[in-house]
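Residue numbers (my numbering): 18 to 317. From the three backbone atoms N, C-alpha and C, an ideal C-beta is built for every residue, glycine too. One structure is given here, and the rest of the page talks about it.
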């Protein structure tokens, strides 16, 4: 009986070791590779709760990665002015950067992609390696979607009447509303996007460009079936001309003049486009194909 008990004990110990080894191996593998912490910034009307799947994808692919979804400006609070959000998110992210000797990776979704650009432009000592812009209106927004039910009396053709006013600029959406038929009003009144793009006089433009170019990779993710970002090419710095014909990034003045570093990133080989059809806007961060195709490889 003692021999039988001893055999069972050894077998259980062996089984436990077999189960434990993969976990230890994963942790050791993460330690060897030194996966950088990942910081996630949500979009309009989102909260940290919406990114459970994305966290799971990262932890399955890169075990041991420290993933932080910043829990600020959730839901209706995401309508607060963009510069206010930049300062709030910056204050939350900076300690994570300071504790990451090898840098961090940013995944910034939708409106959060523009928040992250503001952080990267104004924070001189950031250590962001990959800036992954996930279906974000980087060149602005001009389209009627469900997201704009906060402006029930307006459609895209007349929203400029409100957005390009002092009161309008207190709402995040208006900070990046880019009406191609009222370019002069956009340039004179946009207190966020036009400044960020150096499309209006900005005494900080040289410093902001230097700060932004400290990133190692810029990954621009979007797709034709998004349904919210309008035009969808805005996620890759394309936008409408005054005939509402999409002009791709390579033909935009902000690229040709390299006003904040896009052309430099291309010359360095550090700008990556990833376009995925069939993905609606609300599913980008929960789509496993998008993760494996567009995100996974840039999180080392």
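Exercise for review: To the nearest angstrom, report how far apart residue 240 and residue 94 are at their CA atoms.
Suggested key: Roughly 27 Å separates the two Cα atoms.
Review point. Does the Cβ-Cβ distance between residue 149 and residue 113 come in under 9 Å?
Key: It is not a contact, given that the beta carbons lie outside the stated cut-off.
Exercise for review: Could you please give me the residues that DSSP links to residue 85 through a beta bridge?
Suggested key: 56
Exercise for review: Would you tell me roughly how many angstroms separate the C-alpha atoms of residue 222 and residue 64, rounded to the nearest one?
Suggested key: If you draw a straight line from the Cα of residue 222 to the Cα of residue 64, it is about 31 Å long.
**Study point:** Continuous alpha helix (DSSP H) stretch holding residue 143: start and end
**Key:** Going by DSSP, residue 143 is part of no alpha helix (DSSP H) at all; its letter is neither H nor E.
Exercise for review: State the DSSP-derived secondary structure class of residue 72, mapped to helix, strand or coil.
Suggested key: helix
Practice item. Compute the distance between the beta-carbons of residue 278 and residue 226, then report whether it is under 9 Å. Key: yes
Practice item. Kindly indicate the opening and closing residues of the beta strand (DSSP E) around residue 239. Key: 234-239
Review point. Counting pairs of beta carbons, one from the segment 99-114 and one from the segment 71-89, are three or more of them closer than 8 Å?
Key: yes
**Study point:** Best match in 272, 275, 117, 237 for proximity to residue 308 [C-alpha to C-alpha]
**Key:** 237
Check your understanding: Excluding sequence positions up to five away, which residues of its chain have a Cβ less than 6 Å from the Cβ of residue 128?
Key -> 60, 61
Check your understanding: To which residues does DSSP link residue 122 through a beta bridge?
Key -> 55
Exercise for review: Assign residue 306 to buried or exposed, taking buried as 16 or more other Cβ atoms, counted over all protein chains shown, within 10 Å of its Cβ.
Suggested key: The residue is exposed, with fewer than 16 neighbouring Cβ atoms inside 10 Å.
Check your understanding: Rounded to a whole number of angstroms, what is the C-alpha to C-alpha distance between residue 303 and residue 66?
Key -> Between the alpha carbons of residue 303 and residue 66 lies a distance of about 12 Å.
Review point. Hey, is residue 107's beta-carbon within less than 9 Å of any beta-carbon in chain D?
Key: Checking the listed chains, one finds no chain D in this structure; it contains a single protein chain.
Review point. What does residue 292 pair with, by DSSP beta-bridge criteria?
Key: 239
Check your understanding: Along the chain, where does the alpha helix (DSSP H) that runs through residue 203 open and close?
Key -> 200-206
Point to revise | Exposure of residue 316, with buried meaning 16 or more beta-carbon neighbours within 10 Å | key: buried
**Study point:** Status (buried if at least 16 other CB within 10 Å, exposed otherwise) for residue 248
**Key:** Buried is the call here.
Review point. Can you list the beta strand (DSSP E) stretches of 3 or more residues lying completely in the segment 216-289, in chain order?
Key: 234-239
Exercise for review: Return helix, strand or coil for residue 150, following the three-state DSSP convention.
Suggested key: strand
Exercise for review: Can you say whether residue 141 is buried or exposed, counting buried as having 16 or more other CB atoms within 10 angstroms of its CB?
Suggested key: exposed
Check your understanding: So residue 188 packs on residue 131, CB below 8 Å; how close in whole Å?
Key -> The pair is not a contact, with the Cβ atoms about 14 Å apart (cut-off 8 Å).
Exercise for review: Give the DSSP bridge partners of residue 115, in chain order.
Suggested key: Paired residue(s): none; residue 115 is not in a bridge.
Review point. Anyone know if the C-beta pair for residue 5 and residue 194 falls short of 9 Å?
Key: The requested residue 5 does not occur in the structure, where the chain is confined to residues 18 to 317.
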